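Taking it in order: structure first as structure tokens, then the write-up.
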Amino acid sequence: MAFSLNVEQSRQLEQILERYPNKMAACIPVLHLCQEANGNWVSPEVIEFVSSRLDLSPAHVKGVVTFYTLFNQQPVGKHQVWVCRTLSCALRGSEQILAHCEKRLGCHAGGTSKDGKVTLRTAECLASCGTAPMMQVDKRYYENLTVEKVDSLLDELTR
Amino acid sequence: MLKETTYLTHSFGKPDGYKLSAYEAAGGYAGVKQALSMTREAVVEEVKKAHVRGRGGAGFDAGTKWSFMPKQATKPCYLVINADEGEPGTFKDRAIMEQNPHSLVEGCIIGCYGIGAHAAYIYVRDELHLAKARLEGAIAEAKAKGYLGKTPFGKDYPVEIYVHTGAGAYICGEETSLLNSLEGRRGEPRLKPPFPAQYGAFGCPTTVNNVETIAIVPTVFDLGGDEFSKLSELHPFNDGGARLFGVSGHVKKPGLYEARVGLTLRELIYDLGGGVLGDRALIGVIPGGSSCPVHLPDEVVNVSDPRFAPYNGKSILDLPLGVDTFRMAGSMLGTCCAIVLSDAADPVLSLHNLMRFYKHESCGQCTPCREGCGWIERILDKIVAGEGSIEELDRIHDIASDITGNTICAFGDGAAQPALAFVRKYRKNFEDYVRTGGKSQTKRLTP
Chain A
105 MAFSLNVEQS RQLEQILERY PNKMAACIPV LHLCQEANGN WVSPEVIEFV SSRLDLSPAH
165 VKGVVTFYTL FNQQPVGKHQ VWVCRTLSCA LRGSEQILAH CEKRLGCHAG GTSKDGKVTL
225 RTAECLASCG TAPMMQVDKR YYENLTVEKV DSLLDELTR
Chain B
124 MLKETTYLTH SFGKPDGYKL SAYEAAGGYA GVKQALSMTR EAVVEEVKKA HVRGRGGAGF
184 DAGTKWSFMP KQATKPCYLV INADEGEPGT FKDRAIMEQN PHSLVEGCII GCYGIGAHAA
244 YIYVRDELHL AKARLEGAIA EAKAKGYLGK TPFGKDYPVE IYVHTGAGAY ICGEETSLLN
304 SLEGRRGEPR LKPPFPAQYG AFGCPTTVNN VETIAIVPTV FDLGGDEFSK LSELHPFNDG
364 GARLFGVSGH VKKPGLYEAR VGLTLRELIY DLGGGVLGDR ALIGVIPGGS SCPVHLPDEV
424 VNVSDPRFAP YNGKSILDLP LGVDTFRMAG SMLGTCCAIV LSDAADPVLS LHNLMRFYKH
484 ESCGQCTPCR EGCGWIERIL DKIVAGEGSI EELDRIHDIA SDITGNTICA FGDGAAQPAL
544 AFVRKYRKNF EDYVRTGGKS QTKRLTP
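Heads up: the protein sequence lines correspond to chains A and B, in order.
Under this note's numbering, the residue at position 32 of the first sequence is numbered 136, and the numbers go up by one with no gaps.
Under this note's numbering, the residue at position 232 of the second sequence is numbered 355, and the numbers go up by one with no gaps.
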């Protein structure tokens, strides 16, 4: 099925284009916009749409999509959870936080819970080292985590 | 010496501290008015006098960088702000953008004027959604007041600021990679020369500055360049002003603190950071983000430069944190954010953690880095599993040495440094893993 943007999203795309001297520079912001409009993943149809809208080759757009970790090349759960595991967080117990998430969601990092609600991932340094351990849930940071805090967060997400 | 300041942190922790009203109540947007009343050349001179060393890791003098921009440009010029904060251990730029975004906006106006640009792009990593929202909000507030746009503060010098977003790649914190990413490409670093001041964003002259570097510029004009520089104990090293110091890992009070340049690691860990978690023994500290070499507490400073007379013979923990002090002592200041390791932390697992990071984040453009980071990680996999050999341990040194200096960008060196330092300084711990499977090691990172 062909991908397209609604009126409001098309307006946002126009606004993005105004910020740059050429269309190519809008590639990443427009991919973000389209990914969100497409249920949080970049399908082949999204790549086709972006390449034709920005006058780029599909190969260029695909190259960009595959370079950056935040473009999902497969469908993901309703919510996305990233547990930071780089050194500062690891020193404060991120391994235990991740293990607890895996147990609660019944999936390993990289997978999605059976009910399709949460995709669990590990992340490399999210610039929150002073408030470690931390995780990102969709667009929000949760810091100074404890197992209890994680439990109540996951309760909300899987409700 | 510990002298705390609040130039950037005055708004931190206050519910409305990020708003224009709070920023102006604290004296904000005075520096830019001062700057716009001066000539462009005088602005650059003032920043040079302030000795603002780049806060993003390389420590290059900001005023000098600005002076590389063409005097009579034939193309548009750009200011690009590197807000792709992602160096493990570093969390200062995010705090500025979230809690004091107007300092960055004000700095951008001064920066644009100084380098002859009419547009600034702030490249924010995608994960920092709150930071992006706060910046967009601050830009809208400033625009509504006429501080941005066609005539900022009535001056006929148009300035626009745009927030651009990345998509999750540590390498985009490298300036040429950031420029490629800004242009809508894969974030692979470019060869230098040409340097961004000649051929940067969209093929035009560009200055790339770190968030904190630009955010502190208004303070330079509030105080005057000389006064700003003299705040610092390292004024004789041309390392001026005050800056943010982060401390994370095994300390009682991890977080962000602002102080005059001249603070030591001991003061950062014990005075500001509250000491080592659980009053354990300190076994190591990484001074400025994970790409800097780790230091043991008993390392002694020994540099022949006469300016080092007060510090020679002392522990590295008592050397003031400065760009040149640390460089000359064989280390790196980086982003000035320490990661503290207590004796609960297994140094072998610490390096294993870091090398996994570097392998994950290598962009793959240069063979030594792409393959080397993976090889080191795989050797460490074996060593941690108790299946490594002394020969392989030595090979880490060889691989890391072969990465150093053989890649397009500094990522390779940044990945090799921790490997070289950890293996050399914690050799006994690594050998214990090889010989006994790590019997006498903690085998964990948390206390």
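For each residue, glycine too, the CB sits at the ideal point set by N, CA and C.
All of these numbers come straight from a predicted model, not from anything done at the bench.
What is the residue span of the alpha helix (DSSP H) that residue i lies within?
{"i": "S352/B", "result": "348-353"}
{"i": "G237/B", "result": "224-238"}
{"i": "A261/B", "result": "252-267"}
{"i": "N476/B", "result": "470-484"}
Mind checking whether residue i and residue j have CB atoms under 9 Å apart?
{"i": "E229/B", "j": "G154/B", "result": "yes"}
{"i": "H225/B", "j": "Y141/B", "result": "yes"}
{"i": "A452/B", "j": "I409/B", "result": "no"}
{"i": "L209/A", "j": "R189/A", "result": "no"}
{"i": "E298/B", "j": "L230/A", "result": "no"}
{"i": "G310/B", "j": "C131/A", "result": "no"}
{"i": "V241/A", "j": "H204/A", "result": "no"}
{"i": "I337/B", "j": "G364/B", "result": "no"}
{"i": "S352/B", "j": "L405/B", "result": "no"}
{"i": "K166/A", "j": "K221/A", "result": "no"}
{"i": "N552/B", "j": "P470/B", "result": "yes"}
{"i": "Y152/B", "j": "Y270/B", "result": "yes"}
{"i": "I526/B", "j": "R313/B", "result": "no"}
{"i": "E381/B", "j": "R366/B", "result": "yes"}
{"i": "L474/B", "j": "I439/B", "result": "no"}
What's the gap between the Cα of residue i and the Cα of residue j?
{"i": "G385/B", "j": "H358/B", "result": "9 Å"}
{"i": "G412/B", "j": "P541/B", "result": "10 Å"}
{"i": "V507/B", "j": "K566/B", "result": "9 Å"}
{"i": "S371/B", "j": "R450/B", "result": "22 Å"}
{"i": "G571/B", "j": "L346/B", "result": "Because chain B spans 124 through 570 in this model, residue 571/B falls outside it and cannot be assessed."}
{"i": "S563/B", "j": "G214/A", "result": "33 Å"}
{"i": "I245/B", "j": "H287/B", "result": "6 Å"}
{"i": "E494/B", "j": "R479/B", "result": "13 Å"}
{"i": "V249/A", "j": "R196/A", "result": "Note that residue 249/A corresponds to Leu in the displayed sequence, not to Val. Cα to Cα, L249/A sits roughly 9 Å from R196/A."}
{"i": "C199/B", "j": "P328/B", "result": "Rather than Cys, the amino acid found at residue 199/B in this sequence is Pro. Spanning the two alpha carbons is a distance of roughly 7 Å."}
{"i": "V180/A", "j": "G182/B", "result": "41 Å"}
{"i": "N476/B", "j": "I502/B", "result": "13 Å"}
{"i": "A206/B", "j": "A254/B", "result": "10 Å"}
{"i": "R176/B", "j": "I522/B", "result": "32 Å"}
{"i": "A267/B", "j": "T274/B", "result": "12 Å"}
{"i": "P491/B", "j": "Q119/A", "result": "41 Å"}
{"i": "I499/B", "j": "K253/A", "result": "36 Å"}
{"i": "T81/B", "j": "P377/B", "result": "Lying before the first or after the last residue shown, residue 81/B is absent from chain B, which here runs from 124 to 570."}
{"i": "A320/B", "j": "D447/B", "result": "24 Å"}
From what residue to what residue does the beta strand (DSSP E) around residue i run?
{"i": "W186/A", "result": "183-188"}
{"i": "G186/B", "result": "It is not in any beta strand (DSSP E) - G186/B instead sits in the alpha helix (DSSP H) that spans 185-190."}
{"i": "L379/B", "result": "378-383"}
{"i": "A461/B", "result": "460-465"}
{"i": "H241/B", "result": "From DSSP, H241/B is part of no beta strand (DSSP E); its letter is neither H nor E."}
{"i": "G495/B", "result": "It is not in any beta strand (DSSP E) - G495/B instead sits in the alpha helix (DSSP H) that spans 490-507."}
{"i": "G167/A", "result": "Here G167/A belongs to no beta strand (DSSP E); instead the alpha helix (DSSP H) covers 162-171."}
{"i": "I204/B", "result": "201-206"}
{"i": "N552/B", "result": "N552/B -> not in any beta strand (DSSP E); alpha helix (DSSP H) instead, spanning 550-559."}
{"i": "Q240/A", "result": "239-241"}
{"i": "H136/A", "result": "No beta strand (DSSP E) holds H136/A; the alpha helix (DSSP H) holding it covers 131-141."}
Relative to the C-alpha of residue i, which candidate in the options has its C-alpha closest?
{"i": "C138/A", "options": "R123/A, E199/A, F175/A", "result": "F175/A"}
{"i": "K207/A", "options": "Q119/A, D255/A, G167/A, Q113/A", "result": "D255/A"}
{"i": "L572/B", "options": "G289/B, R430/B, E127/B, A432/B", "result": "With chain B running from 124 to 570 in the structure shown, residue 572/B is simply not present."}
{"i": "N223/B", "options": "P281/B, R257/B, G212/B", "result": "R257/B"}
{"i": "R123/A", "options": "L391/B, V426/B, A243/B, D517/B", "result": "A243/B"}
{"i": "S485/B", "options": "G457/B, L440/B, G535/B", "result": "G535/B"}
{"i": "V399/B", "options": "P570/B, Y246/B, V424/B", "result": "P570/B"}
{"i": "K68/B", "options": "K171/B, K198/B, L442/B", "result": "Absent from the structure is residue 68/B, since the part of chain B shown begins at 124 and ends at 570."}
{"i": "V417/B", "options": "F351/B, L202/B, L543/B", "result": "L543/B"}
{"i": "M455/B", "options": "V463/B, C415/B, V423/B", "result": "C415/B"}
{"i": "K126/B", "options": "S473/B, N476/B, L354/B", "result": "L354/B"}
{"i": "E164/B", "options": "Q195/B, G136/B, D349/B, G180/B", "result": "Q195/B"}
{"i": "V247/B", "options": "I232/B, A148/B, E221/B, P319/B", "result": "E221/B"}
{"i": "F135/B", "options": "R217/B, R518/B, V166/B", "result": "R217/B"}
{"i": "P162/A", "options": "Q116/A, S108/A, E152/A", "result": "E152/A"}
{"i": "T216/A", "options": "L158/A, S114/A, L261/A, T235/A", "result": "L261/A"}
{"i": "E554/B", "options": "G528/B, A533/B, D517/B, S524/B", "result": "D517/B"}
{"i": "Y64/B", "options": "V463/B, T342/B, H520/B, I519/B", "result": "Because chain B spans 124 through 570 in this model, residue 64/B falls outside it and cannot be assessed."}
If residue i and residue j are in contact, beta carbons under 8 Å, what's the gap, nearest whole angstrom?
{"i": "K375/B", "j": "G396/B", "result": "7 Å"}
{"i": "L135/A", "j": "V168/A", "result": "7 Å"}
Under the criterion of a Cβ to heavy atom distance below 8 Å, does residue i qualify as lining the ligand COA?
{"i": "V423/B", "result": "With respect to small molecules bound, the structure shown includes none, and the ligand COA cannot be examined in it."}
Going along the chain, which residues of the segment 520-537 of chain B sit with their C-beta nearer than 9 Å to a C-beta in chain E? Of the protein chains in the structure, A and B, none is chain E.
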